[in-house]
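**Student:** Sharing a structure with you now.
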Amino acid sequence: MLKDVTFGQYYPVQSFVHRMDPRLKIVFLIAFIAAIFLAKNFYGLAACAFVFLLALAFSGVPVRKVLRSVKGILFILLFTTILNALFYNGETVYWSWWIIRITKEGLIFTAFLLVRLFLLVMCSSLLTYTTTPVALTDGIESLLTPLKWIRFPVHELALIMSIALRFIPILMDETERIMNAQKARGADFETGGLAKRVRAIVPILIPLLLSAFRCADELGDAMEARCYMGSKNRTKYKKLRFGWRDLIGFLLIAALVTGVVLMGIYLGAVI
Amino acid sequence: MRIKAEHLSYVYNASSPFATHALNDISLTIEEGEFFGILGHTGSGKSTFVQHLNGLLRVPSSLKKYKPKKLKKGETPPPPTVLQVGAFDLTDKKTDFRELRSRVGMVFQYPEYQLFAETVAQDVAFGLKNFSKEKLTDEAVEKAVRAALEVVGLSYDELKDTSPFDLSGGQKRRVAIAGVIVTRPDVLVLDEPAAGLDPLGKREIMQLLHRLHEEWCKTVVIVSHDMDEIAENCTRAAVFSEGTVKFVLPPSELFRHSEELIALGLDIPLTAKLCLALEKRGVTVDCDFTTEDFIRRTLALNA
Ligand SMILES: Nc1ncnc2c1ncn2[C@@H]1O[C@H](COP(=O)(O)OP(=O)(O)OP(=O)(O)O)[C@@H](O)[C@H]1O
Ligand SMILES: [Mg+2]
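Those protein sequences? They're chains A and B, same order as listed.
Each residue of the first sequence is one higher than the one before, counting from 370 in the numbering used here.
Each residue of the second sequence is one higher than the one before, counting from 64 in the numbering used here.
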């Protein structure tokens, strides 16, 4: 059951994409998402899809894994698709009944939306598949550095994030252990009505909360014992550096964004 | 109940980059009435093995029935996996695992972290109520809980309305053990029951386990890192190493293999160390490695 949570899980191989600088990967993701929404016709979207497939091919992550990340939002996808296909206010009506109108514009818009959402989710999950949580928070911290000028506690924020990320697998393990222990005492989490299942959670939740507090306590003590003082004058164990891979990535993304904008202007917009 | 495992393997996170072969084709039989020890370096698969005994981990169905079409010419099919506890066949999906779990009690490492109820009595009654087929009367519950608490050395009348979180560490562990044995299982499995206790606490827990073995559960299986514990208490012990079983012997014979055990990264009991040291000086003490026997025989040497 707990093993189904794949969104945001690192896939440990060495690849071109894995070795890129996390800061740039975040920037690239943002630029890529911008490109998806700047695309005004299917040529633009096709260019985005091409860049995504290229990144996927050089990431060493199995396609199956990336596709699985879409499963989580399948319901939202279905919902928006149906809503848009049935109720979009277009001109060329193919079929209508009561308040339902299936139009050419509606179908095009729906197809567009679907491709966009797919690319959005798969690309975001590609980032988390190829970047360790630690590298990700390092990247975010570094990108948010300008906010320090307005006294925003960037380092603390990054620390909270990385601690939270670090503790997710620990607490998952702990949950599994507690579930096993209670199962051994005959607890049943799988059958029964809603009320019964909710009640069945109590024997897991209470030990889990206690153990989370214990972890927090111990971590706090350990940090204090090592005189942790926050961001002032701290140096990094792993220094982030740009390399040739980042240059290639940069050129590709820059080309994509310009290309998409130009295509929108010269090849006509369908949306 | 007799426990029988043959050609048992287990892989965590199979078919992913994190795959760990925790058990590799192990075979092991534990007879009814034994006080069985399981030894092994950390990560050798001890916990993985014992979690099979009450069906928390299952034998993957792909291992049970080998698909003949996958077989190449000249290859023999691998022997089938067998896993039986008494009359329960754990390779069978249709086995009543609930019933099995009430017959095989499992005490995990640091069991005090699974306590959750408001009072000690409620916590101990949790398993009892889960397993009983019909609704139990309050008297029946009280009787069983009282007996379970008493056998682990706690007083029902004093503690029944206390919150389990207000107890001391050792008391919590006893309450947790009471919560497992309250259904009177035939087999009691404990994963490092004495971990994290002081020497006195350890001795008391081992005494408690002996009492349980005599009066309450026919078969006791303990996983332990503490060689002295194994030497003093167990009828037989299995040594696990990297997912395989290296030896299954009574402690008195097991610790004759002291050098091999040390090579496997294991410690040996104090008595075995002393025997080795004496042997180097040309004195052979032929004991069964319990402290009592060792002392008797060394004193006899002097006479
Ligand atoms: N839930 C799990 N998911 C993935 N791998 C696991 C899991 N539990 C154990 N393992 C791996 O399986 C192997 C055997 O683990 P196991 O817990 O059975 O060892 P052990 O002998 O009980 O060790 P210890 O003495 O430290 O308790 C280890 O390599 C461990 O990393
Ligand atoms: Mg273990």
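Ideal placement from N, C-alpha and C gives every residue a C-beta, glycine not left out.
Small disclaimer: the values here were computed from a predicted structure and weren't measured.
For the segment 295-327 of chain B, which segments carrying the alpha helix (DSSP H) assignment without a break, of at least 4 residues, lie completely within its bounds, in sequence order?
**Tutor:** Correct list: 314-317 and 321-326.
**Student:** Which runs of the alpha helix (DSSP H) at least 4 residues long sit entirely within the segment 591-639 of chain A? Give them in chain order.
**Tutor:** Runs of the alpha helix (DSSP H) inside the segment 591-639 of chain A: 613-635.
**Student:** Give the residues of chain A in contact with ARG359/B, contact being defined as C-beta atoms less than 9 Å apart.
**Tutor:** In chain order: nothing, as chain A lies at least about 41 Å away.
**Student:** So which residues touch the region around ligand 2, with touch meaning a C-beta under 7 Å from any heavy atom?
**Tutor:** This selection yields LYS109/B, SER110/B, GLN172/B, ASP254/B, GLU255/B and VAL286/B.
**Student:** Output yes if chain B places a C-beta closer than 9 Å to the C-beta of VAL639/A; else output no.
**Tutor:** Taking Cβ atoms only, chain B never reaches closer than 9 Å to VAL639/A, which makes this a no.
**Student:** Mind listing the chain B neighbours of ARG568/A? Cutoff is C-beta to C-beta under 8 Å, in chain order.
**Tutor:** Within chain B, no residue comes near ARG568/A; the closest Cβ sits about 12 Å away, beyond 8 Å.
**Student:** Specify the secondary structure class of VAL346/B as computed by DSSP and reduced to three states.
**Tutor:** VAL346/B falls in the coil class under three-state DSSP.
**Student:** ASP254/B by DSSP, collapsed to three states: which one?
**Tutor:** Correct three-state label for ASP254/B: strand.
**Student:** From the DSSP output, in three-state form, read off ASP373/A for me.
**Tutor:** Per-residue confidence for ASP373/A stands at a pLDDT of 39, beneath the threshold of 50, marking its modelled position as unreliable; the derived number appears in the next sentence. Of the three classes helix, strand and coil, the one that applies to ASP373/A here is helix, per DSSP.
**Student:** Specify, as a first and last residue, the run of the beta strand (DSSP E) that ARG470/A falls within.
**Tutor:** Unbroken beta strand (DSSP E) run through ARG470/A: 469-472.
**Student:** So SER165/B contacts chain A; which residues on that side make the cut at Cβ distance below 8 Å?
**Tutor:** Those are GLY555, listed as they occur along chain A.
**Student:** Could you check the C-alpha separation between TYR219/B and GLU202/B for me, to the nearest Å?
**Tutor:** Roughly 14 Å between the two C-alpha positions.
**Student:** Residues of the segment 233-252 of chain B with a CB closer than 7 Å to any CB of chain A: list them in chain order, please.
**Tutor:** Against chain A - using a Cβ distance shorter than 7 Å - the residues of the segment 233-252 of chain B are GLY242 and VAL243.
**Student:** Just checking PHE228/B against ligand 4 - is the residue's beta carbon closer than 8 Å to any of the ligand's heavy atoms?
**Tutor:** This structure simply doesn't include ligand 4; it includes ligand 1 and ligand 2 instead.
**Student:** Can you give me the C-alpha to C-alpha distance between THR92/B and GLU342/B, rounded to a whole angstrom?
**Tutor:** Roughly 33 Å separates the two Cα atoms.
**Student:** Any Cβ of chain B within less than 9 Å of the Cβ of SER580/A?
**Tutor:** Closer than 9 Å to some Cβ of chain B, the Cβ of SER580/A qualifies, so yes.
**Student:** Which two residues bound the contiguous beta strand (DSSP E) that contains HIS84/B?
**Tutor:** Per DSSP, HIS84/B belongs to the beta strand (DSSP E) from 83-93.
**Student:** Under the rule that 16 or more other beta-carbon atoms within 10 Å means buried, what is TYR597/A, buried or exposed?
**Tutor:** Label assigned to TYR597/A: exposed.
**Student:** Is it right to say GLU510/A is buried, meaning 16 or more other beta carbons lie within 10 angstroms of its own, or is it exposed?
**Tutor:** The residue is buried, with at least 16 neighbouring Cβ atoms inside 10 Å.
**Student:** Which bits of chain B does ARG433/A rub up against, with CB to CB less than 8 Å?
**Tutor:** The premise fails here: ARG433/A is roughly 11 Å from chain B at the closest Cβ pair, so nothing lies under 8 Å.
**Student:** So, helix, strand or coil for GLU181/B, using DSSP?
**Tutor:** Residue state, collapsed to three classes: coil.
**Student:** Count the other C-beta atoms from every protein chain shown that fall within 10 angstroms of the C-beta of GLY618/A, then say buried if there are 16 or more, exposed otherwise.
**Tutor:** Under this definition GLY618/A is a buried residue.
**Student:** Check whether the Cβ of ALA542/A lies closer than 8 Å to any heavy atom of ligand 1, and answer yes or no.
**Tutor:** It is worth fixing the name first, because residue 542/A is Asp in this sequence and not Ala. Yes; taking the cut-off as 8 Å, the Cβ of ASP542/A has a heavy atom of ligand 1 nearer than that.
**Student:** Answer with yes or no whether the minimum CB distance from GLN383/A to chain B is below 9 Å.
**Tutor:** Taking Cβ atoms only, chain B never reaches closer than 9 Å to GLN383/A, which makes this a no.
**Student:** Can you tell me where the alpha helix (DSSP H) holding LEU401/A begins and where it ends?
**Tutor:** Residue identity check: residue 401/A is Phe in the sequence provided, not Leu. Per DSSP, PHE401/A belongs to the alpha helix (DSSP H) from 391-407.
**Student:** Which residues in chain A sit within 8 Å of ARG161/B, going by Cβ to Cβ distance?
**Tutor:** Going along chain A in sequence order, the residues near ARG161/B (Cβ under 8 Å) are GLY555 and ASP557.
**Student:** So VAL187/B and ALA241/B are in contact, right, with Cβ under 8 Å, and what is the actual spacing, rounded?
**Tutor:** Right, the Cβ-Cβ distance comes to about 5 Å (below 8 Å), so this counts as a contact.
**Student:** Would GLY103/B be called buried (16 or more neighbouring beta carbons within 10 Å of its own) or exposed?
**Tutor:** Label assigned to GLY103/B: buried.
**Student:** Determine the direct distance from the alpha carbon of LEU86/B to that of ASN117/B, and round the result to whole angstroms.
**Tutor:** Approximately 16 Å, taken between the alpha carbons.
**Student:** Taking the beta strand (DSSP E) that TYR463/A falls in, what are its first and last residues?
**Tutor:** From DSSP, the beta strand (DSSP E) with TYR463/A extends over 462-466.
**Student:** Given that TYR380/A touches chain E, what residues does it touch there, using C-beta distances under 8 Å?
**Tutor:** Going by chain labels, chain E is absent from the structure shown, which instead holds the protein chains A and B.
**Student:** Do PHE427/A and SER493/A have their C-beta atoms within less than 9 Å of each other?
**Tutor:** Not in contact: PHE427/A and SER493/A (Cβ atoms no closer than 9 Å).
**Student:** With a threshold of 16 other CB atoms inside 10 Å of the CB of TRP279/B, please say whether the residue is buried or exposed.
**Tutor:** Under this definition TRP279/B is a buried residue.
**Student:** What would DSSP say about PHE99/B, mapped onto helix, strand or coil?
**Tutor:** Strand, per DSSP.
**Student:** How many Å lie between TYR380/A and ALA504/A at the Cα?
**Tutor:** Near 13 Å, if we compare the C-alpha coordinates of ALA504/A and TYR380/A.
**Student:** Would you say TYR176/B faces chain A, with C-beta separation under 9 Å as the test?
**Tutor:** Chain A contact via Cβ: present.
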